[in-house]
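Step one of this worksheet: look at the structure below.
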Ligand code: NAP
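Residue numbers (this note's numbering): 36 to 316.
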């Protein structure tokens, strides 16, 4: 069994990006720039934002952090985004989700144009992905693809099963695997025979949010198992896969923590550099 090391892979990606941002600066005289917007005081969001800014520092990306109070109005937030859209020094805009409940998330995300949408949430970017064309892709599923690529996991002709169909993970994950010529099955909460579907997987991606939902009896021997889940339990952080037992059957497996998680921020930085490159081509 090979343990897929997301931490080491993310470190390697960040080192490559540092070289890339330095080259960008030499060629254009500009720094790659990412604006990060956080509304309110959600502790988990504060940690995510801090880590994203740290990632920027490590890779030579200039970050523009905007911390807004909990009672920020929709108009104030949209005005800030409008300014960031017009700002030549900002190549990517990230609004940390979830937003406080009184704000309209859909409208806010629509205000970020596809060329600065480093999260890959804009309908145009999702449309390009669905068409099998190049746009910006959501960071977590993109991170999974990067892990599979770097561990040389063959996807063409393989059966991939994705458990979960959310907009930010399951759906784009399934499209990426399809674009890589896998035969893809998507499972969700209404799937009536989850175990049977999972047993068919050469590559199994769990993105559900249910601790240890995927057990040993649901996994084919020699499968590649990717665990996107991040669940806080009384015993600490755990994934959607029963790691200890599934690891005995899998050919490759990601741990939680230290698997997919570190790749998400690395891909955000990669998307930012790609947006800057496209802008300054
Ligand atoms: P989500 O929006 O809650 O979606 C969960 C999906 O799982 C839904 O499609 C749901 O089906 C499906 N589901 C729920 N119960 C199921 C069951 N018993 N059997 C089969 N499918 C079931 O969650 P998400 O945002 O995609 O996140 C999923 C997990 O990944 C969470 O643990 C989250 O914390 C983690 N995550 C990690 C990262 C990272 O960087 N590592 C990033 C994002 C998310 P329906 O559509 O039918 O409701």
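C-beta: ideal position from N, C-alpha, C; glycine also.
Using a Cβ-Cβ distance cut-off of 8 Å, the region 156-171 and the region 206-213 are in contact, since at least three pairs of beta carbons, one from each stretch, lie closer than that value.
The beta carbons of residue 216 and residue 251 sit no closer together than 8 Å. Pairing residue 303 with residue 72 gives a Cβ-Cβ distance that is not under 8 Å. For residue 93, the closest C-alpha among the options 52, 117, 59, 105 is that of 52. Around the beta carbon of residue 133, a 10 Å sphere encloses fewer than 16 other beta carbons of the protein chains shown; the residue is thus reported as exposed.
Within the DSSP bridge table, the entry for residue 99 names 70 as partners.
Residue selection by CB proximity (closer than 5 Å to any heavy atom of ligand 1) returns 175, 199, 200, 201, 204, 223, 224, 242, 243, 244, 263, 264, 265, 295, 296, 299 in chain order.
Put simply, the backbone Cα of residue 294 is about 7 Å away from that of residue 42. Here residue 218 has 192, 193, 194, 195 as same chain residues with Cβ atoms under 8 Å from its own Cβ, once five neighbours each way along the sequence are excluded.
Separation of residue 181 and residue 155 (C-alpha to C-alpha, rounded to the nearest whole angstrom) is 16 Å. No Cβ-Cβ contact shorter than 8 Å links residue 36 with residue 242. Secondary structure at residue 112: helix, using DSSP grouped into helix, strand and coil. Excluding the 5 residues flanking it on each side, residue 229 has same chain C-beta neighbours closer than 6 Å at 222, in chain order.
The region 136-148 makes no contact with the region 168-181: fewer than 3 CB pairs, one atom from each, lie closer than 8 Å.
For the pair residue 56 and residue 315, the CB atoms are not nearer than the 8 Å cut-off. Comparing C-alpha distances from residue 267 to each of 54, 39, 79 shows the shortest one belongs to 79. Inter-residue distance for residue 286 and residue 259 is about 6 Å (C-alpha atoms, whole angstroms).
Contact annotation: residue 124 and residue 300 have beta-carbon atoms that are not nearer than 8 Å. Nearest Cα to residue 244 within the set 96, 74, 113, 200: 200.
Counting along the chain, the unbroken beta strand (DSSP E) around residue 268 starts and ends at 266-268. Residue 108 sits exposed, since fewer than 16 C-beta atoms from the chains shown fall within 10 Å of its C-beta.
For the pair residue 114 and residue 121, the Cα-to-Cα distance works out to about 11 Å.
Residue 107 sits in coil when the DSSP states are folded into three classes, being neither helix nor strand. In the DSSP annotation of this structure, the continuous segment of the alpha helix (DSSP H) that includes residue 47 starts and ends at 41-63. With fewer than 16 other Cβ atoms from the protein chains shown falling within 10 Å of its own Cβ, residue 106 counts as exposed.
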